[in-house]
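Quick note: the sequence shown uses our numbering, first residue 403, plus one each step.
Yeah, the Cβ is synthetic: ideal placement off N, Cα and C, and Gly gets one too.
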Amino acid sequence: MAFPSRTYIQMPQLFLFKGFRRILQTALIHACKCQSVDLLALLSHSTPISKKDLRSVLERLEDFYPTKDICIQLHQTLNSKPVDGAFWSKFLSASDELKRPLLARGVLDFVLTTPDSHNIATIMQTLRSLASYKRFEEFHSLFDTLVQRLTDAQKKAFSDELVELLANTPYWNEALGFLPSCSHPRGIRNLSEGAVQFGSFEDVFRLLDNLNAYHEAPSDRFFSLFFDRLGDTNDLKHVDRLFSVLHEKIWVVSDQTAREITTWFNSRVPSAYQAQMEDVQISGTTCSHCKSKLPVFRIDEENLKRMADEFYQSAFKGTRQEHLYLTTTPKELSTLDKFLNEQTMPFDCVIDIMNVVHMMDAAFVPEKASRLVCEVLRNLNRRFGFHRFCLVGKGTRVVGNKTFWGAVKTLGNQLGISVFTFITDQRSDDDIFMLYIALWSGPRCHLVSNDEFKQHRYTVGLDLGIRISQWQATRQIALCQQRRQMFLEPIQCDTRAHGSLSIGWHIPYDDKSQRRSYVPPNHWICIKPRSHNK
Numbered sequence: 403m404a405f406p407s408r409t410y411i412q413m414p415q416l417f418l419f420k421g422f423r424r425i426l427q428t429a430l431i432h433a434c435k436c437q438s439v440d441l442l443a444l445l446s447h448s449t450p451i452s453k454k455d456l457r458s459v460l461e462r463l464e465d466f467y468p469t470k471d472i473c474i475q476l477h478q479t480l481n482s483k484p485v486d487g488a489f490w491s492k493f494l495s496a497s498d499e500l501k502r503p504l505l506a507r508g509v510l511d512f513v514l515t516t517p518d519s520h521n522i523a524t525i526m527q528t529l530r531s532l533a534s535y536k537r538f539e540e541f542h543s544l545f546d547t548l549v550q551r552l553t554d555a556q557k558k559a560f561s562d563e564l565v566e567l568l569a570n571t572p573y574w575n576e577a578l579g580f581l582p583s584c585s586h587p588r589g590i591r592n593l594s595e596g597a598v599q600f601g602s603f604e605d606v607f608r609l610l611d612n613l614n615a616y617h618e619a620p621s622d623r624f625f626s627l628f629f630d631r632l633g634d635t636n637d638l639k640h641v642d643r644l645f646s647v648l649h650e651k652i653w654v655v656s657d658q659t660a661r662e663i664t665t666w667f668n669s670r671v672p673s674a675y676q677a678q679m680e681d682v683q684i685s686g687t688t689c690s691h692c693k694s695k696l697p698v699f700r701i702d703e704e705n706l707k708r709m710a711d712e713f714y715q716s717a718f719k720g721t722r723q724e725h726l727y728l729t730t731t732p733k734e735l736s737t738l739d740k741f742l743n744e745q746t747m748p749f750d751c752v753i754d755i756m757n758v759v760h761m762m763d764a765a766f767v768p769e770k771a772s773r774l775v776c777e778v779l780r781n782l783n784r785r786f787g788f789h790r791f792c793l794v795g796k797g798t799r800v801v802g803n804k805t806f807w808g809a810v811k812t813l814g815n816q817l818g819i820s821v822f823t824f825i826t827d828q829r830s831d832d833d834i835f836m837l838y839i840a841l842w843s844g845p846r847c848h849l850v851s852n853d854e855f856k857q858h859r860y861t862v863g864l865d866l867g868i869r870i871s872q873w874q875a876t877r878q879i880a881l882c883q884q885r886r887q888m889f890l891e892p893i894q895c896d897t898r899a900h901g902s903l904s905i906g907w908h909i910p911y912d913d914k915s916q917r918r919s920y921v922p923p924n925h926w927i928c929i930k931p932r933s934h935n936k
């Protein structure tokens, strides 16, 4: 093959990384005046180049197509020098990011004709670029070559990457064979993105069924692809089915996806629905926009008992030998069991007594602490109708005081309430006891505490931890310092998607505003049929 005459550039001696960027940029000024092959020759003389430095070279050039001979010459030069094996993958990535399709095409064509000469990193980046340029047949051929080269151990190690590569092509369903080896939510999410682009809606919903509730919602990209694919009015049935999955899985979408949904409904012509997401909140169970009532959160006694039993086993005893009695002692646990066995009825309210005492601005005074506790009891009785209380805390500084019990007895006679106490050792973790006693007491019991119990939710595992946080959101009452508002009340609404196409939908979304870790977002998309608004 004949080449045009070339002017080669004399490069100054490059010491290891010293002054590299300055020398490279100086030489580049002259390189831009020469043939494109001279630039590649210039790069071949350098020490290993970072992607950042490579970008700085490429962004100064106009796009050009490097021929196979040029690529071979550079490849041979690279192989004869102590450079890193990621040069071609960085070159392709930088070309794609800088929108240099001719540069990328030249390297892609080179790799496709010489796949055995390239490492796994280069092959994978080539596959990504082929998928982005929709060169799917060439992708499939090269992917098969890669898989044949990989050992079983490598296939397992690269399973996440292999699934992600296939998910961006019409061959997404071939990734099913790699799923058992890859991380569950990541693999299914990637496949669902492939299905929504290249598969049927049945494929999409079958994959969504394999994602767990609460924490494994699809990505923002999935929702964007889903709504981009929709067209005629018959597609509303797919939207309805998607929202039903959101309801079933208790998934909360992101702010970005909420805007995608709102825009899709409001931009349809003719538009049979109106979607609103700005300033839409649920007060109690009432939508601030359409005034519809949403369902109340409910948890039955059987499920809560199962939750309490799981918490007892995981948090107190531990699920493994090394976790046995990590948060308590056998003696203290025996005391708790005895205390609960003596109860003839469950408690209406469990109170973190130390949180109440900490509401005092001044130093601890027994008489003042007693009055404050009684004030809290009185307000809880008046606001929520609680009658049977359990105070939980460390030590006897408050409950061991005669003044306290005298005031409580007087209050009990006035209101018809009963107050019990469970006091732990000063060195013990009282949080775990109050949380368990509240769970043990059943679905009507509320917990008064400012603690978020994040550590305990983490300790008991993801699934149980999420269920406890959902219970906290609807059963935990926080204390406020303000006199006008003593309590921050729990939510009442079941925070998940609700509705149907006939009556409209309410979809919760997370705008990342600050809130307690167990409290779900209170921002919603309100979607109503226009006939409903008339």
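- When DSSP states are grouped into helix, strand and coil, Asp913 belongs to the coil group.
- When DSSP states are grouped into helix, strand and coil, Gln678 belongs to the strand group.
- In the DSSP secondary-structure assignment, Ile753 is bridged to Leu793, Val850.
- Residue pairing for Thr688: DSSP places it in a beta bridge opposite Ser685, Lys695.
- When secondary structure is reduced to three states using DSSP, Leu456 falls in the helix class.
- Its Cα nearest to that of His900, the residue Ile684 stands out among Ile684, Phe889, Gly844.
- Burial state of Arg846 is exposed, judged by a 10 Å Cβ sphere holding fewer than 16 other Cβ atoms.
- Under the 10 Å beta carbon count, Tyr838 is surrounded by 16 or more other beta carbons and is classified as buried.
- CA-to-CA, the gap between Ser673 and Ala597 works out to about 27 angstroms.
- When DSSP states are grouped into helix, strand and coil, Gly906 belongs to the strand group.
- Counting along the chain, Ser820 sits inside the beta strand (DSSP E) bounded by residues 820-826.
- Judged by DSSP secondary structure, Leu881 falls within the beta strand (DSSP E) whose first and last residues are 878-881.
- Every unbroken stretch of the alpha helix (DSSP H) spanning 4 or more residues and falling wholly within the stretch 586-672 is given here in chain order: 586-600, 603-610, 622-631, 638-651, 657-668.
- Around the beta-carbon of Asp750, 16 or more other beta-carbon atoms lie within 10 Å, marking it buried.
- Here His586 is exposed, its C-beta having fewer than 16 other C-beta atoms within 10 Å.
- Straight through space, the alpha carbons of Thr469 and Arg859 are spaced by roughly 59 angstroms.
- Selection Val682, Asp702, Phe699 evaluated against Lys693 yields Val682 as nearest (Cα-Cα).
- The residue from Glu499, Asp546, Arg502 with its alpha-carbon nearest to that of Pro517 is Asp546.
- Following the DSSP letters along the chain, one finds Trp842 inside the alpha helix (DSSP H) bounded by residues 832-842.
- Distance from the CA atom of Arg700 to the CA atom of Thr876, rounded to whole angstroms, is 9 angstroms.
- DSSP places Pro931 within a strand segment (E or B) once states are collapsed to three.
- Taking His649 as the centre and dropping the five residues before and after it, the same chain places the C-beta of Arg898, Ala899 closer than 6 angstroms to its C-beta, in chain order.
- Between Gln527 and Asn570, the CB-CB gap reaches or exceeds 9 angstroms.
- Our two residues, Pro923 and Phe741, have alpha carbons roughly 37 angstroms apart in a direct line.
- If you draw a straight line from the Cα of Leu463 to the Cα of His542, it is about 32 angstroms long.
- Annotated three-state conformation of Cys473 is helix, per DSSP.
- Residue environment analysis places Gln658 among the exposed positions, since fewer than 16 neighbouring C-beta atoms fall within 10 angstroms of its C-beta.
- In this structure, the straight-line span from the alpha carbon of Lys557 to that of Phe580 is close to 8 angstroms.
- Comparing alpha-carbon positions, the option among Pro582, Gly589, Leu532 lying closest to Glu566 turns out to be Gly589.
- Listed in chain order, the non-local C-beta contacts of Asp754 below 6 angstroms within the same chain comprise Met836, Ser851, local neighbours out to five positions each way being set aside.
- With contacts defined by Cβ atoms closer than 9 angstroms, Met709 and Leu864 do not form a contacting pair.
- Closest option to Leu706, judged by alpha-carbon separation, among Gly487, Gln478, Ser871, Gly508: Ser871.
- As computed with DSSP, Gly901 is found in a beta bridge with Trp907.
- Sixteen is the threshold: since fewer than 16 other Cβ atoms of the shown chains lie within 10 Å of the Cβ of Glu703, the residue is exposed.
- Counted as a single uninterrupted DSSP element, the alpha helix (DSSP H) harbouring Gln556 occupies residues 554-559.
- The three-state secondary structure of His925, taken from DSSP, is strand.
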